[in-house]
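Visitor: Protein sequence lines, in the order shown, are assigned to chains R and Z. Be aware that the first sequence starts at 9, since it is given in our numbering, and climbs by one per residue. Be aware that the second sequence starts at 9, since it is given in our numbering, and climbs by one per residue. Don't be surprised by glycine CBs; every beta carbon is placed ideally from N, CA and C. Everything numeric in this text was worked out from a predicted model, so none of it was measured. Below is a structure I'd like to ask you about.
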Amino acid sequence: MTYQNVNRGRSKKRSGYLKKKTEPYLYLLPTVILMVVLLVVPIYMVIQYSFFDNVIINDNPVFVGFQNFQELLTNESFWVAVKNTLIFVGGSVIAHMIIGITFAMVLNTKYIGPKLKAMFRVIFSLPWMFTAAVIAVLWKMLLNPNGFINFLLVELNLSSTNLEWLASRDLALFSVTMINIWAGYPLFMISILAGLQGIQSQLYESSAIDGANHIKNFFYITLPQLKPILISLILLDFVWTIQQFALIWMTTGGGPIDATEILSTFIYKQGFSEYQYAMASTSAVILLIICTIVAIFYVRHQRGQE
Amino acid sequence: MKIKNFYNKGILNILLMVLAVITLSGCMGSGGDSDSSSETGTNNDNGSNSEGDSDEITLEFQQWWGVELPDGVLREIVDGFTEETGINVELLSNPYADTKTQIAAGAAASTMADVVGLDGAWVYDFAKQGSIANLSTLMDDSGYDQNQLSDQIQVDGNTFMIPVANFAYPMYVNMDILEEAGIEDIPETRSEFTEVANTIYSETGKAGWAIPLSTESPSGIQNNFMSWLWASGGSMLDNGQPNLTDNSDLIDTVEFMKGLFDDGVVAPGAYAMKEADMVEEFTNGRVAFMIDSLAHLNTIQEGAPDMNFDFVPVPVQEGFSGESGMDVANWGIGVAENSEHKEEAWQLVEYMMSPEVNAELAVYANAFPGNANADPDYSDADDLFLKAYELYQDSNPVNEFTGLPTSEELMRTFAEQLQLYIEGDTGEASEMLSETQSIWEEAFE
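Structure follows, in structure tokens:
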């Protein structure tokens, strides 16, 4: 073997080693580039904007440090939006869970035939198929003071007057939360149904031998078995609901006055109505922090499961 | 074999990377491209606003008019421009709200279409942002005769928008409801209106009046509230600045509005109602009076072909005998500051404002022309339209929100304060107006 051959062999080995080392990174590169362009850069820009007096419309924005955050946190409207968001998100997530479990258990019962079960599964899943625009139009018609819901309530003597579901300060937040609950429960229902089908029947059989009733079964077998799915769903639903914009915007626009103003509508108005992009970015950063905290919990929970 | 596999993988890898780069370039390059609703002129296939291999120029024209005009009309009009000048026009037509959001995003990112449809309420903000071009300069450079324009929307003495078509906001009245309630005389003053609205409610159970006060689209303040003030010769401004505090005309109007709400004669759901909802209520025969755009005339006629309705002047304050103001909204036109073809863009504006084209557009849009020399042929128009035209000609066209800073936000804050007053949270009308004034002043700083 000549010296040259040895060298060629070494260099081939080295380039092979390099290729082997870099190969995984090359596979990752397209995803990394996409994430940087579509995720990291916009997030970085929004965070950067939040530290300037006003951006985009101002050619020479001035760095103001945390002044925007200070201004925002002392803004009464912001806290109204936070309060409404908490009610909207909290109400939606809790109701999604309760309705989801209930419907999933109904659909999982052995007392309904398979054909009927399949039909109900399709019907109960329908709201999940509609877009926010369709849901908003549909419910605006149903909740119109002269609409079907009021007609039913008056006919059944449950109300003496036509209620202004979306136009009353006392009812509007409740109404939009109800609409969101209706629109979002099927995800819980379908996921929990899958979870219920995964619970081993032996657990129920042995509990029956021990004399446990349905309630005890639910609390000591069903719920603990569903816990991992429920926690994941709750965390995801929290993040999705906190970002809900279209539904609120198309039904009430955040009104009457500020009765249904949530963080997303508050940010939109600051950006596209007042052209205060820096303040809108500041609000968005706060929303980002909240979502990130929830996301961390979600990831930890997922890892814990693994 | 392994080496072969490795090289196969390597080639696959490179291919994937190339694909990713192409995809990304596609994503980045698509920012200024047309959306799904765009239509390009017959002479152009590339759909871009840059010069092609030849010296062809394609202008992007973003507006909401194409959606509201009969199918193909706007395309036909701009094709005439292409025939005349050889400049292609790509229409980006979307509904009003989407157009606003897209133009605002374009203004922020300097990717605005060359020519844009504008609402007077947006002009100040886009002009201050430097997103729309100074039309005064373009007009001077081309030696354009400005006297033929019925109006120009200016900021700091410079024109940034030219109204192409004016839409009047007369008062619609459902004559069937009036007949059902036994009312023979049309109300001419506010007190008469209150009386008539109360009679309608007590006799028929229907609403006498409707006002959309949704904060999502707060134009109800401009079109349905301020119309009452302007009809009685009032003003919300003084030398271009807010004049709400201690404005007796405005105090009367606010109190009059609260009176209607207190009497229960206003269509329910006003705080979440949008203009389209109000039109629907009227079309369904549940509301006797409403102030609305003449542009909805056909919609109402098609929705309720048997309904007998008419146009009447907006009732005025007791004792007022001057010329009434009538609210007008515009389809305005402007040129983007970021346009690389400002001269050609101005040519398109000039073409749209030429008497013949402007008259044609006005007829199709059920509007009044922006060119004072235009002579629209309304001979085939509906009798009701002609009556509204007469009312318009007898009135003083007015819209004080045009050209104000953050106009939409001003309307929104006014709507919120008005709702607080109607709900009783604010004790006095003067207090409500004073609070609104302080909020408005921040926008004018």
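Name the residue from Z:Asp-87, Z:Met-120 and Z:Val-81 whose alpha carbon lies nearest to the alpha carbon of His-349 of chain Z.
Guide: The shortest Cα separation from His-349 of chain Z among Z:Asp-87, Z:Met-120 and Z:Val-81 belongs to Z:Met-120.
Visitor: Give me the subset of the segment 246-265 of chain R whose CB atoms are less than 8 Å from a CB atom of chain Z, sorted by chain position.
Guide: Answer in chain order: Trp-257, Met-258, Thr-259, Thr-260, Gly-261, Gly-262, Gly-263, Pro-264 and Ile-265.
Visitor: Just the C-alpha distance for Glu-199 of chain Z and Ile-65 of chain Z, rounded to the nearest angstrom, thanks.
Guide: Note that residue 199 of chain Z is Ser in the sequence shown here, rather than Glu. One C-alpha to the other measures close to 59 Å.
Visitor: In this structure, how does DSSP classify Tyr-386 of chain Z when only helix, strand and coil are distinguished?
Guide: Correct three-state label for Tyr-386 of chain Z: coil.
Visitor: Report the start-end ranges of each alpha helix (DSSP H) in the segment 69-131 of chain R that is 4 residues or longer and not cut off at the edges.
Guide: Whole alpha helix (DSSP H) segments, 4+ residues: 75-81 and 84-116.
Visitor: What does Tyr-279 of chain Z touch in chain R if you count any residue whose Cβ is under 9 Å from its own?
Guide: Under the 9 Å cutoff, chain R gives Glu-172, Leu-174, Ala-175, Ser-176, Arg-177, Ala-180, Thr-260, Gly-263, Pro-264, Ile-265 and Ala-267.
Visitor: For the segment 266-290 of chain R, list every residue whose C-beta sits within 8 Å of some C-beta in chain Z, in sequence order.
Guide: Cβ contacts with chain Z come from Asp-266, Lys-277, Phe-280, Ser-281, Glu-282, Tyr-283 and Tyr-285.
Visitor: One question on the structure: do Pro-178 of chain Z and Pro-78 of chain Z come within less than 9 Å of each other, judged by their Cβ atoms?
Guide: Their beta carbons are not under 9 Å apart, which means Pro-178 of chain Z does not touch Pro-78 of chain Z by this criterion.
Visitor: Pull up the distance between the alpha-carbon of Ala-296 of chain Z and that of Phe-264 of chain Z, whole angstroms please.
Guide: Those two C-alpha atoms are separated by around 17 Å.
Visitor: Beta carbon of Gly-108 of chain R, beta carbon of Leu-195 of chain R: below 9 Å?
Guide: Yes.
Visitor: Taking the alpha helix (DSSP H) that Met-183 of chain Z belongs to, which residues open and close that run?
Guide: Run containing Met-183 of chain Z: 183-188, per the alpha helix (DSSP H) assignment.
Visitor: Starting from the C-beta of Phe-253 of chain R, find all residues in its chain whose C-beta is less than 6 Å away, skip the five residues before and the five after it, and write them out in chain order.
Guide: The answer, listed in chain order, is Ser-272.
Visitor: Are the beta-carbon atoms of Asp-148 of chain Z and Phe-69 of chain Z separated by less than 9 Å?
Guide: Result no, Cβ atoms of Asp-148 of chain Z and Phe-69 of chain Z do not sit closer than 9 Å.
Visitor: Can you tell me whether Phe-280 of chain R is helix, strand or coil according to DSSP?
Guide: Looking at Phe-280 of chain R - three-state DSSP - the assignment turns out to be helix.
Visitor: Could you work out which residue in R:Tyr-193, R:Ala-220, R:Lys-224 and R:Ile-229 is closest to Gln-205 of chain R when comparing CA atoms only?
Guide: When each option's Cα is compared against that of Gln-205 of chain R, the closest is R:Ile-229.
Visitor: Let me see if you follow: with CB-CB separation under 9 Å, is Asn-165 of chain R close to chain Z or not?
Guide: Chain Z contact via Cβ: absent.
Visitor: Would Asp-159 of chain Z be called buried (16 or more neighbouring beta carbons within 10 Å of its own) or exposed?
Guide: The residue is buried, with at least 16 neighbouring Cβ atoms inside 10 Å.
Visitor: Among Z:Gly-327, Z:Leu-221 and Z:Leu-258, which residue has its Cα nearest to the Cα of Ala-275 of chain Z?
Guide: Closest by alpha carbon: Z:Leu-221.
Visitor: Are the segment 35-46 of chain R and the segment 271-288 of chain R in contact at 8 Å, needing three or more beta carbon pairs?
Guide: No, they do not touch.
Visitor: Is any beta-carbon of chain Z found at less than 9 Å from that of Ile-198 of chain R?
Guide: Output row for Ile-198 of chain R: interface = no.
Visitor: Using a Cβ-Cβ cutoff of 7 Å, what residues of the segment 129-156 of chain R are near chain Z? List them in chain order.
Guide: Hits within the stretch, in order: Asn-152, Pro-153 and Asn-154.
Visitor: Pull up the distance between the alpha-carbon of Tyr-57 of chain R and that of Phe-280 of chain R, whole angstroms please.
Guide: If you take the alpha carbons of Tyr-57 of chain R and Phe-280 of chain R, they lie about 15 Å apart.
Visitor: Kindly indicate which residue of Z:Glu-187, Z:Glu-431 and Z:Leu-399 has the alpha-carbon position closest to the one of Met-334 of chain Z.
Guide: The residue with the shortest Cα to Cα distance from Met-334 of chain Z is Z:Leu-399.
Visitor: In the DSSP output, which residue or residues are listed as bridge partners for Ser-101 of chain Z?
Guide: BP columns for Ser-101 of chain Z point to Z:Gln-71.
Visitor: Note down, in chain order, each residue of its chain lying with its Cβ closer than 8 Å to the Cβ of Val-184 of chain R, except the 5 sequence neighbours on either side.
Guide: So the list reads Phe-96, Leu-174, Leu-255, Ile-256, Thr-259, Thr-260 and Thr-268, once near-sequence residues are dropped.
Visitor: In three-state terms, what does DSSP make of Ala-344 of chain Z?
Guide: Ala-344 of chain Z: strand per DSSP, three-state reduction.
Visitor: Tell me the start and end of each unbroken alpha helix (DSSP H) in the segment 127-163 of chain R that is at least 4 residues and wholly inside, in chain order.
Guide: Complete alpha helix (DSSP H) runs here, min 4: 140-150 and 156-163.
Visitor: May I ask you to report which of helix, strand or coil DSSP gives Trp-173 of chain R?
Guide: Looking at Trp-173 of chain R - three-state DSSP - the assignment turns out to be coil, as it is neither helix nor strand.
Visitor: Does the beta carbon of Ile-207 of chain R sit closer than 9 Å to a beta carbon anywhere in chain Z?
Guide: With 9 Å as the cut-off, Ile-207 of chain R does not count as an interface residue toward chain Z.
Visitor: Please report how far the alpha carbon of Ala-367 of chain Z lies from the alpha carbon of Ala-375 of chain Z, in whole angstroms.
Guide: Approximately 9 Å between the Cα atoms of the pair.
Visitor: Under 9 Å Cβ-Cβ, which residues of chain Z neighbour Ile-95 of chain R?
Guide: The premise fails here: Ile-95 of chain R is roughly 18 Å from chain Z at the closest Cβ pair, so nothing lies under 9 Å.
Visitor: Going by DSSP in three states, Asn-251 of chain Z sits in which element: helix, strand or coil?
Guide: Here Asn-251 of chain Z sits in coil by DSSP.
Visitor: Which residues in chain B sit within 9 Å of Ile-64 of chain R, going by Cβ to Cβ distance?
Guide: This model lacks chain B altogether, as its protein chains are R and Z.
Visitor: Leaving out the 5 sequence neighbours to the left and right, which residues in its chain are closer than 7 Å to Ala-353 of chain Z when beta-carbon positions are compared?
Guide: Closer than 7 Å at Cβ, skipping near neighbours: Leu-67, Asp-122, Val-123, Val-343 and Ser-347.
Visitor: Taking only the alpha-carbon atoms, compute the straight-line gap between Gln-110 of chain Z and Ala-129 of chain Z and give it to the nearest angstrom.
Guide: Between Gln-110 of chain Z and Ala-129 of chain Z, the C-alpha separation is close to 15 Å.
Visitor: Suppose the cutoff is 8 Å on Cβ atoms and the five residues either side in sequence are ignored; what does the same chain contact list for Leu-252 of chain Z look like?
Guide: Excluding residues within five positions, the ones whose Cβ falls inside 8 Å are Met-244, Leu-258, Leu-441, Ser-442, Thr-444, Gln-445 and Trp-448.
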